[in-house]
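Some notes on the structure that comes next.
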Amino acid sequence: MASLIVWMNGERVGEWGTLRGGRTAFFRYEESWANSPRGRALSLSLPLTADREVRGPAVEYYFDNLLPDSAEIRRRIRTRFKTRSDHAFDLLTAIGRDCVGAVQLLPRNEEPKGWNRIDATPLTENEVEQTLHDVTLATPLGRAEQDDFRISLAGAQEKTALLHMAGRWFRPHHATPTTHILKLPLGIIGGFRGDFSDSLENEWLCAQVLRELDLPVADVAIARFGEQRALAVTRFDRRWMGVDLADVQKKRFKPSNGTWIARLPQEDLCQALGLPHTLRHEADGGPSISDALALLANSEHPARDQTTFVLAQLAFWLLAATDGHGKNFSLYQQAGGIYGLTPLYDVLSAWPTIGHGKNQLAFEKARLAMSLRGRRAHYRLNEITGGHWHELAERTGVPGLWARMQSFVESAPPALERIEKHLPRAFPERLYTTIRDGVRGQVQRLAQTAGG
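Read the sequence shown against my numbering and you will find it ends at 453, with the numbers running on by one and no gaps.
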C-alpha cells in the first residue's frame with residue numbers, strides 16, 4: 002500500500018491510498034479537516050460522509066483528472082522525472098505539488114513548506130524563454146534551483162506556470178503557488194492536420210469576444226520572451242492575501258510578512274461527475290448540457306450559472322469553438338458544500354481551419370463537444386438551428402433566457418467590430434476576418450431558423 006497526503010493551504014485534507022500497480026484503494030478525509038470551518042468535500046463525486054472514507058473508481062478518476070490529458074505529455078513527464086510508471090499515482094508523486102485548484106499532493110513524511118509566504122526566484126526574459134523551450138523536452142536543460150518546481154496542469158495543450166509580481170516573472174519554490182499559466186502555440190493538430198500555429202492569438206480573440214458579450218472569462222495576454230511566444234493566463238484559482246491586488250504589480254512591490262497566495266478549490270465537470278478524462282466528450286459518454294445544467298441547478302447562484310452555461314454553448318456555436326467538453330468547464334468549491342461555475346477558459350475557434358481546401362475541416366463535419374437535443378442529438382454546426390436553441394432555453398426554465406439568447410447573438414457582430422479597433426499590432430488579419438465572417442454567418446443562420 003502506498004499513499005499521498007492531500008493538503009489545501011497548509012491544512013491536511015486526507016490520504017489517497019493505492020494498491021500495487023497503481024490501482025486506487027481509497028480516499029480518507031482527516032477528522033481535523035471534517036471538523037474545520039474550511040472543511041469541504043474534495044469533489045462532488047467524493048462526498049465527505051460520517052465515516053470520512055470514499056472508495057470506487059471516482060477516487061482514481063478525480064486524481065487522474067489533475068494530470069494532462071495527452072498520453073504523449075504523460076510519457077514525457079514519466080521520462081523527465083523517472084517515475085516507475087505513467088499511472089496517476091506515480092506521476093502525481095513527482096509533480097503534484099501545484100495542481101489545478103487548491104490541491105497539493107505530498108508524501109506522508111512531508112509537509113508543505115512556506116505555503117503562507119512568497120518564496121520565489123526572479124527570472125530574466127532569457128530564462129523564461131528557456132523555461133518555455135524546456136516544456137516540450139523530456140530531459141530539459143535543468144538547473145539545480147528547478148528541482149522543487151514541479152507542477153501538474155490538466156488539459157491537452159503544452160503549458161507551464163509561473164508566478165508574476167512587481168512586473169516580473171518568478172519561479173516559485175516549495176509551497177509557493179504559481180499565478181499564471183503560460184501556454185504554447187498548438188501548431189498542427191487533428192486528423193486533418195489543421196494549422197493552429199496562431200492558437201495564442203485565436204484564444205486571445207475568443208476571450209475578448211466572450212468578455213465583450215459580458216461572459217466571465219479568464220484574463221489572457223499575448224507575451225513574447227525572446228523568440229518564444231506564449232499566452233499568459235491569469236489563474237482564477239489563486240488569490241493574493243494580505244495585500245491590495247493593485248499593489249502586486251507595482252515595480253517596487255516586495256511581499257512582506259502576512260502576504261501570501263491562497264489556492265482556491267475547484268474541479269472540472271469530469272471530476273464533479275466522477276468520470277475519467279477519456280470520457281470528456283459527450284459522444285464518448287462524457288458530460289452533456291443536461292448533466293451540467295442539473296449540477297448548476299444546485300449551485301450557489303443557479304439561474305446565473307445556468308444562463309452563463311447556456312450562453313457559453315451558444316457562443317461556442319457562433320465561434321465554432323468545438324472543444325467545449327467536460328474538462329473545459331469548472332466549478333469553484335466553498336465550505337459547506339457551496340459551489341458554482343468558474344469563469345470560462347480554453348476557448349478556441351475552428352473557423353480559421355474550416356473549409357474545403359487541403360488540411361481544412363469541412364463545415365459539415367465541424368462538431369460541438371456537447372450536443373443540442375431534438376429527436377436526436379445534434380453535434381454538427383450546420384445541423385443546429387435556432388429552433389434547437391429555443392428548445393434548450395425552454396427546457397432550462399430560466400425566465401427570459403430565450404430573449405437573452407437572442408440579444409446575445411445580435412450583440413456578437415458589433416462586439417467583434419469593437420475589438421477590431423483595439424487589435425494588437427501585427428495581429429493576424431486572416432485569423433480575425435475568418436472568425437468575424439464565421440460568426441456573422443451563424444448569426445444569420447439562427448435568425449433564419451429560430452422559429453420561436
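Glycine residues also receive a C-beta, built at the ideal position from the N, C-alpha and C atoms.
Cβ pair residue i, residue j closer than 9 Å
{"i": "Ile223", "j": "Arg239", "result": "no"}
{"i": "Pro415", "j": "Arg437", "result": "no"}
{"i": "Pro288", "j": "Phe330", "result": "yes"}
{"i": "Gln443", "j": "Ala351", "result": "no"}
{"i": "Pro266", "j": "Met9", "result": "yes"}
{"i": "Asp70", "j": "Arg281", "result": "yes"}
{"i": "Leu5", "j": "Pro108", "result": "yes"}
{"i": "Leu201", "j": "Arg230", "result": "yes"}
{"i": "Gln335", "j": "Arg41", "result": "yes"}
{"i": "Leu345", "j": "Thr309", "result": "yes"}
{"i": "Asp135", "j": "His174", "result": "no"}
{"i": "Thr125", "j": "Leu185", "result": "no"}
{"i": "His389", "j": "Gly375", "result": "yes"}
{"i": "Arg79", "j": "Pro123", "result": "no"}
{"i": "Asp87", "j": "Ala72", "result": "yes"}
{"i": "Ser33", "j": "Arg56", "result": "no"}
{"i": "Glu268", "j": "Gly387", "result": "no"}
{"i": "Leu270", "j": "Lys328", "result": "yes"}
{"i": "Met406", "j": "Val348", "result": "no"}
{"i": "Tyr62", "j": "Gln272", "result": "yes"}
{"i": "Ala284", "j": "Ala208", "result": "no"}
{"i": "Leu67", "j": "Val104", "result": "yes"}
{"i": "Leu93", "j": "Leu133", "result": "no"}
{"i": "Phe226", "j": "Asn110", "result": "no"}
Which residues DSSP lists as bridging residue i, in chain order
{"i": "Ala162", "result": "Ile182"}
{"i": "Ala3", "result": "Thr19"}
{"i": "Trp390", "result": "Per DSSP, none; premise fails for Trp390."}
{"i": "Gly341", "result": "Tyr333"}
{"i": "Ser44", "result": "Leu47"}
{"i": "Trp8", "result": "Arg13, Gln105"}
{"i": "His379", "result": "Leu373"}
{"i": "Ile223", "result": "Leu232"}
{"i": "Gly188", "result": "Phe197"}
{"i": "Gln267", "result": "Tyr333"}
{"i": "Leu262", "result": "Checking the sequence shown, residue 262 turns out to be Ile, not Leu. According to DSSP, which records beta bridges pairwise, Ile262 is partnered with Trp241."}
{"i": "Arg172", "result": "Thr122"}
{"i": "Ile355", "result": "Leu362"}
Residue i at chain D interface by Cβ criterion, 9 Å
{"i": "Met371", "result": "This model lacks chain D altogether; it includes just one protein chain."}
Exposure of residue i, with buried meaning 16 or more beta-carbon neighbours within 10 Å
{"i": "Ala370", "result": "buried"}
{"i": "Phe82", "result": "exposed"}
{"i": "Ile339", "result": "exposed"}
{"i": "Ser372", "result": "buried"}
{"i": "His357", "result": "exposed"}
{"i": "Gly15", "result": "buried"}
{"i": "Lys160", "result": "buried"}
{"i": "Gly337", "result": "exposed"}
{"i": "Ala145", "result": "Because the pLDDT of Ala145 is 37, which lies under 50, any placement of that residue in the model is unreliable, and the question is left without a value."}
{"i": "Met242", "result": "exposed"}
{"i": "His181", "result": "buried"}
{"i": "Gln445", "result": "exposed"}
{"i": "Ser44", "result": "buried"}
{"i": "His391", "result": "buried"}
Three-state class that DSSP yields for residue i in the structure shown
{"i": "Arg144", "result": "Only weak support exists for where Arg144 lies, its pLDDT of 39 falling under 50; the coordinates are left without a value."}
{"i": "Ile119", "result": "coil"}
{"i": "Phe317", "result": "helix"}
{"i": "Val101", "result": "coil"}
{"i": "Gln250", "result": "coil"}
{"i": "Asp65", "result": "helix"}
{"i": "Asp149", "result": "Residue confidence for Asp149 is low, a pLDDT of 47 falling below 50, so the modelled location carries little weight and cannot support an answer."}
{"i": "Ile436", "result": "helix"}
{"i": "Thr279", "result": "helix"}
{"i": "Phe364", "result": "helix"}
{"i": "Glu54", "result": "strand"}
{"i": "Phe27", "result": "strand"}
{"i": "Val399", "result": "coil"}
{"i": "Ala95", "result": "helix"}
{"i": "Phe310", "result": "helix"}
{"i": "Phe409", "result": "helix"}
{"i": "Val218", "result": "strand"}
{"i": "Val348", "result": "coil"}
Distance cut-off 8 Å: residue i Cβ against heavy atoms of the ligand FAD
{"i": "Ile119", "result": "This structure lacks the ligand FAD, and indeed carries no ligand of any kind."}
Stretch-stretch touch, CB-based, cutoff 8 Å, three pairs: the stretch 240-253 with the stretch 293-307: no
Three or more C-beta pairs below 8 Å linking the stretch 334-354 and the stretch 196-211: yes
Three CB pairs or more closer than 8 Å across the stretch 312-319 and the stretch 206-221: yes
The stretch 272-280 / the stretch 371-389 touching (three or more Cβ pairs under 8 Å): no
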